[in-house]
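Below is one structure, written out as structure tokens; the observations come after it.
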């Protein structure tokens, strides 16, 4: 499993946003995202394909969408994006 630099940056932003309210909330949100990424590592077909982002797969960890791709049996976490934002504005490379 490879978490790309843009996805790592997204995770840091998720943590910082929630930490402004409560550190425990921030830790829990990031842990939930990591848990779902781990589940996806074992079941990479679980996410639905999204044609708006080149057919990459995604899954929801409310309120975030985690975008990923499987290449040569390796799971690449591309971005973690708030579901209220316009997906059309998403850049998978940061």
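Numbering (the working numbering), first residue to last: 1 to 94. Note that CB positions come from ideal geometry on N, CA and C, so glycine has one too. All values reported here derive from a predicted model rather than from experimental measurement.
Beta-carbon proximity of residue i to residue j, cut-off 8 Å
i: residue 63; j: residue 43; result: no
i: residue 18; j: residue 7; result: no
i: residue 2; j: residue 37; result: no
i: residue 80; j: residue 23; result: no
i: residue 40; j: residue 75; result: yes
i: residue 49; j: residue 59; result: no
Rounded straight-line distance, which links the Cα of residue j to that of residue i
i: residue 84; j: residue 4; result: 22 Å
i: residue 51; j: residue 30; result: 26 Å
i: residue 93; j: residue 56; result: 13 Å
i: residue 86; j: residue 21; result: 25 Å
i: residue 88; j: residue 54; result: 11 Å
i: residue 69; j: residue 10; result: 16 Å
i: residue 15; j: residue 71; result: 28 Å
i: residue 61; j: residue 35; result: 10 Å
i: residue 28; j: residue 66; result: 16 Å
i: residue 12; j: residue 73; result: 26 Å
### Query
Could you give the uninterrupted runs of the beta strand (DSSP E) lying entirely in the stretch 1-73, keeping only those of 3 residues or more?
Listed in chain order, the complete beta strand (DSSP E) runs (minimum 3 residues) inside the stretch 1-73 are 48-50, 56-61, 64-71.
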